[in-house]
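To start, the structure under review is shown below, and the notes come after it.
In my numbering, the protein residues as written are 1 to 169.
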């Protein structure tokens, strides 16, 4: 899926009243904002070990953003309201969704839960790494901005978890 199309989907979802969709797009942008801040950290240090941790965190965020895209694409397939028996292949993942049956609705919700749990675990890892890295950097304003963005991201994840719980009940 091209980035332009994905950007359009996120833009369309931001107008939606569906809390889950809106929160997923907010979470994506919080990760994106954090991803944009991290290269500044590379300029702040000559320590090779710290640079490796920052690169690891950049990769971590890229994977989290792909997982959020997977969730958004899954929701997009739902929004399309495809006819019964129609199949959707999402991005380059192996998730096949057959709309129109309870079994596949369960599968879709399981994929959403799984992606969210993986995002949460990776977010925890990124937070721990960035907390350590920010302790070693000189630019305290940058460190403060990164920590604030991390907190916003964690809050978006919690809101998304609640929206998923609401969706399933």
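The C-beta atom is built at its ideal place from N, Cα and C for all residues, glycine as well.
Taking a 10 Å sphere around the C-beta of residue 67, we find 16 or more other C-beta atoms and assign the residue as buried.
Here residue 75 carries a helix assignment [DSSP, helix/strand/coil]. Between the stretch 146–153 and the stretch 31–39, the count of Cβ pairs shorter than 8 Å is three or higher; the stretches touch. The alpha carbon of residue 143 has as its nearest neighbour, out of 25, 24, 45 and 20, the alpha carbon of 45. DSSP, reduced to helix, strand and coil, places residue 137 outside both helices and strands of the structure shown, so it counts as coil.
Taking one beta carbon from each stretch, the stretch 21–29 and the stretch 50–63 have fewer than 3 pairs nearer than 8 Å; the two do not touch. Taking 8 Å as the cut-off, the beta carbon of residue 160 is found no closer than this to the beta carbon of residue 118.
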